[in-house]
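Line by line, the protein sequences are chains A and B. Numbering-wise (this note's numbering), the first sequence opens with residue 101 and increments by one. Numbering-wise (this note's numbering), the second sequence opens with residue 101 and increments by one. Where a beta carbon is used, it is the ideal one built from N, C-alpha and C, also for glycine. These figures come from a predicted structure and were not determined experimentally.
Number of protein chains: 2
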Amino acid sequence: LAAAGALGGASVLPETSAAEADRTRSPGGVRNFRRIATEEAFSTPEQMDAMAALGHSVWNSLDFVLWRALTDSKNPHSPLRDRLLDVDHERLRIMDELGVDMHVLSLTSPGVQMFDPDTATSLASVANDRLAEIIRQHPGRYAGLASFAPQDPERAAKEMDRAVNTLKLNGFIVNSHTGGEYLDEPKFWPIFEAAEALDAPLYIHPRCPPDDLARPFRDYRMESSTWGFQSETGLHAVRILVSGVLDRFPKLKIVLGHMGEGVPYFLWRIDYTYNAFRPAGQRMKLTPTEAFKRNFAITTSGVNSHAVLKYVIEVLGVENVMWAIDYPYQAAPGSVEFMNTAPVSDDDKEKLFHGNAERIFKIATT
Amino acid sequence: LAAAGALGGASVLPETSAAEADRTRSPGGVRNFRRIATEEAFSTPEQMDAMAALGHSVWNSLDFVLWRALTDSKNPHSPLRDRLLDVDHERLRIMDELGVDMHVLSLTSPGVQMFDPDTATSLASVANDRLAEIIRQHPGRYAGLASFAPQDPERAAKEMDRAVNTLKLNGFIVNSHTGGEYLDEPKFWPIFEAAEALDAPLYIHPRCPPDDLARPFRDYRMESSTWGFQSETGLHAVRILVSGVLDRFPKLKIVLGHMGEGVPYFLWRIDYTYNAFRPAGQRMKLTPTEAFKRNFAITTSGVNSHAVLKYVIEVLGVENVMWAIDYPYQAAPGSVEFMNTAPVSDDDKEKLFHGNAERIFKIATT
């Protein structure tokens, strides 16, 4: 989720021609890799309605500052609502034009995490049913990450089981904090336990910083992808990384978007500090860097920088990096072009465009 | 300031032999670059006493959580206090052994920023007098960044003028927020105005997040270089970058430590978001990336990673990167070895080790 071109200045949303491209041909002469985009947002009428109902309050949570801006139907520059709800028309047309085979769909941020436990649990269940149906109706074009309500960790674990074993979804999505709390806290361990037992990855997607940490992000529209998202989600990931909880769940796989939310940049410093200054009596089995490489994978969403791509491949290994667009918040053509022209071997490009996603999300190879 | 090896597990502080090295020879057979370390901490008896006095309170600011740990005289593993106060003995011996010609000294974090305006202004003035005297007593071995009290911006500007024009110091140091406020706010503009007019750089060094943002950093000793420092200081830098204030002070030079506190990693994303989602009516003359390259320089303090070094050289240009140790919080041998073995040309190494520092801090070339 990037703070999209829905408002403000020049639109950065995809410009598409009317012509339908032949999906079997290589677009623009580029080798026709299978392209699986791994952080692609959708919404449901139920999420839209529930958020709109909450939005009539005076709650000034940063997530609402952002949500109201993005989905305001009175804003003629805001096609985002329609794009989030569409999985049958424009989305597929853009995918076809750009040679994108598959979107790994996830309920858009902040998911169900602004609701009371019962409402959130119900919304997640309905969204997961819809997601499974969308995937069924479009064979080969979609995979999906299941929502759950961290507000009720025990019921969340049950829904996670249903999502994988009944609905055959490919993993889970959570939008960073829940009520200002983070998943390293023991109350949430049933969620990690379920993800590990189900051998399915948990994508920790950004949302805006919680209310009590919001103050400095209220200026200059910093609440989302300028800095609030990476500040919030990077903090979340580092808490998990240095809490020791990964010793308890060594097979847990967490996915971070946006090139790892800044954590890969600081692994050397985190290692050094942890070695010098960890809490008395704590000693993790692995260094933070080792744990990051074992337990985390990242996607390229929202950061179409070859310099960053080269960096994360060097420090994490190409196996831990997956391509993503962040549709509809990010312009799809630029994201495809970014990876088409990446300064890596075709073998690595196969891994980045689809191989790693197939392995991590258990997507059938074609 | 890294959360040093003063506590916890294995010491990471420098191990030095008794033998004095001949400073004119190349240490370890490496070409004998002039080495200017640009983020090196010192303290004054007045700062130590004033912090100790405040430390008797129940104030649980994260800066005090850290300060008490680092300087607790009852902790036998804490030689940091002595190392901060020493500029005549062990510091010079370690510099000599490693072929380090010069430390650019700055009053250790959180500087004078936890005191009332009068106390802070006075402490800064005394520290600057001491710093000028230290430099005078050790020709060629030290340069210095002046402290000031952002609590009183007008008097700060006067002290900045005195520091450059009377004391001949090389720039300024500030430790991120002051009372939870950031330098982009108009009340602080006299500080930017003075720095620009004096053509002297402002080093924005980390301190811990302010009290109202502290909560998630109270676990797992995350308050300092694990994540609190970079979270706080990165936020500060991004506020400055997207506020538009750099259009007002186009010649201001800001220095960030720790490889730019994460900001360089996210420049692509910040540009994209700013273009799509900037506040209505705001349009900066430069993109955030262009402004960062014009108005900021960074140092390598606390991040001895060749992968990060290559990245920042690629995105910022080698002219914008300076070497630093972060003595006494970071082990000096590792920091010297990091740059001795950096995968860059000798020409670039000359810039990183001293050339850029000479230009930015106006240090006389030898």
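With the cut-off set at 8 Å, would you say residue i and residue j are in Cβ contact?
i: serine 324 of chain A; j: isoleucine 273 of chain A; result: no
i: arginine 255 of chain B; j: threonine 221 of chain B; result: yes
i: aspartate 284 of chain A; j: arginine 339 of chain A; result: yes
i: glycine 334 of chain B; j: glutamate 361 of chain B; result: yes
i: tyrosine 303 of chain A; j: histidine 336 of chain A; result: no
i: phenylalanine 142 of chain B; j: valine 204 of chain B; result: no
i: asparagine 270 of chain A; j: glycine 240 of chain A; result: no
i: leucine 162 of chain A; j: phenylalanine 392 of chain A; result: no
i: glutamate 390 of chain A; j: leucine 352 of chain A; result: no
i: asparagine 404 of chain A; j: valine 130 of chain A; result: no
i: proline 350 of chain B; j: valine 415 of chain B; result: no
i: alanine 257 of chain B; j: alanine 294 of chain B; result: yes
i: alanine 457 of chain A; j: threonine 208 of chain A; result: no
i: valine 418 of chain A; j: aspartate 448 of chain A; result: yes
i: tryptophan 368 of chain B; j: valine 408 of chain A; result: yes
i: arginine 183 of chain A; j: glutamate 190 of chain A; result: yes
i: alanine 467 of chain B; j: histidine 406 of chain B; result: With chain B covering only 101 through 466, there is no way to say anything about residue 467 of chain B.
Residue i: buried (16+ other C-beta within 10 angstroms of its C-beta) or exposed?
i: glutamine 213 of chain A; result: buried
i: lysine 451 of chain A; result: buried
i: glutamate 233 of chain A; result: exposed
i: glycine 455 of chain A; result: buried
i: valine 277 of chain A; result: Before going on, a small fix: residue 277 of chain A reads as histidine here, not valine. Buried: at least 16 other Cβ atoms inside 10 Å.
i: valine 345 of chain B; result: buried
i: valine 355 of chain A; result: buried
i: proline 428 of chain B; result: buried
i: glycine 228 of chain B; result: Correcting the residue type first, residue 228 of chain B is asparagine in the shown sequence and not glycine. With 16 or more other Cβ atoms within 10 Å, it is buried.
i: proline 250 of chain A; result: buried
i: proline 309 of chain B; result: buried
i: alanine 464 of chain A; result: exposed
i: threonine 171 of chain A; result: buried
i: valine 165 of chain B; result: buried
i: valine 264 of chain A; result: buried
i: serine 157 of chain A; result: exposed
Ordered along the chain, which non-local residues of its own chain (more than five positions away) have a Cβ less than 8 Å from that of residue i?
i: valine 436 of chain B; result: Pro127, Arg135, Leu198, Gly199, Val200, Ile425
i: aspartate 330 of chain A; result: Strictly speaking, residue 330 of chain A in this sequence is glutamine, with aspartate absent from that position. So the qualifying residues of the chain are Pro306, His358, Glu361, Gly362.
i: asparagine 375 of chain A; result: Thr387
i: isoleucine 413 of chain A; result: Val421, Val444, Asp448
i: tyrosine 411 of chain B; result: Pro364, Tyr365
Give me, in chain order, the residues of the same chain whose beta-carbon lies closer than 7 Å to that of residue i; leave out the 5 immediate sequence neighbours on both sides.
i: serine 74 of chain B; result: Only positions 101 to 466 of chain B appear in this structure, which leaves residue 74 of chain B out of reach.
i: aspartate 312 of chain A; result: Gly280
i: serine 225 of chain A; result: Glu259
i: asparagine 395 of chain A; result: Leu346, Leu352, Lys353, Ile354
i: leucine 154 of chain A; result: Met214
i: phenylalanine 288 of chain A; result: Pro250, Pro253
i: glycine 328 of chain B; result: Leu162, Cys308, Pro309, Phe317, Met322
i: arginine 459 of chain A; result: none
Please return the same chain residues whose Cβ sits closer than 6 Å to the Cβ of residue i, not counting the five positions on each side in sequence.
i: tyrosine 242 of chain B; result: His203, Leu205, Ile234, Ile235
i: tryptophan 423 of chain A; result: Thr400, Met439, Leu452, Phe453
i: arginine 230 of chain A; result: Thr144
i: asparagine 275 of chain A; result: Ser209, Pro210, Gly211, Gln213, His305, Arg307
i: leucine 185 of chain A; result: Ser143
i: arginine 383 of chain B; result: none
Pull up the CB-CB distance for residue i and residue j, whole angstroms please, since I reckon it's below 8 Å.
i: arginine 321 of chain B; j: proline 301 of chain A; result: So it is not a contact: roughly 28 Å between Cβ atoms.
i: aspartate 252 of chain A; j: proline 286 of chain A; result: Contact flag wrong, Cβ pair sits at about 15 Å.
i: alanine 150 of chain B; j: threonine 219 of chain B; result: 7 Å
i: threonine 326 of chain B; j: threonine 373 of chain A; result: 5 Å
i: leucine 267 of chain A; j: glutamate 146 of chain A; result: Their Cβ separation, rounded to whole angstroms, is 16 Å, which puts leucine 267 of chain A and glutamate 146 of chain A out of contact at 8 Å.
Sorry if obvious, but does the Cβ on residue i come closer than 7 Å to a heavy atom of the ligand FAD?
i: isoleucine 425 of chain A; result: Absence of the ligand FAD from the depicted structure is noted, as is the absence of any ligand whatsoever, leaving it without description.
(message) Closer than 9 Å between beta carbons: that is the criterion. Which residues of the region 369-388 of chain B meet it against chain A?
(response) Arg369, Ile370, Tyr372, Thr373, Tyr374, Asn375, Ala376, Phe377, Arg378, Pro379, Ala380, Gln382, Arg383, Pro388
(request) With 8 Å as the limit, tell me which residues of the region 138-167 of chain B have their beta carbon closer than that to any beta carbon of chain A; keep them in chain order. (result) none
(request) Can you give me, in chain order, the residues of the region 319-340 of chain B that have a beta carbon less than 8 Å from any beta carbon in chain A? (result) Asp319, Tyr320, Arg321, Met322, Ser324, Ser325, Thr326, Trp327, Gln330, Ser331, Gly334, Leu335, Val338, Arg339
(request) Mind checking the region 257-275 of chain B against chain A and listing, in chain order, the residues whose C-beta falls within less than 9 Å of any C-beta there? (result) none
(request) With 8 Å as the limit, tell me which residues of the region 402-416 of chain A have their beta carbon closer than that to any beta carbon of chain B; keep them in chain order. (result) Gly402, Val403, Asn404, Ser405, Ala407, Val408, Lys410, Tyr411, Glu414, Val415
(request) Select from the region 300-315 of chain B all residues with a C-beta closer than 7 Å to any C-beta belonging to chain E, and list them in chain order. (result) Among the chains of the structure shown, chain E does not appear; the protein chains present are A and B.
(message) Along the region 227-238 of chain B, where does the CB come closer than 7 Å to a CB of chain A? Name the residues.
(response) none
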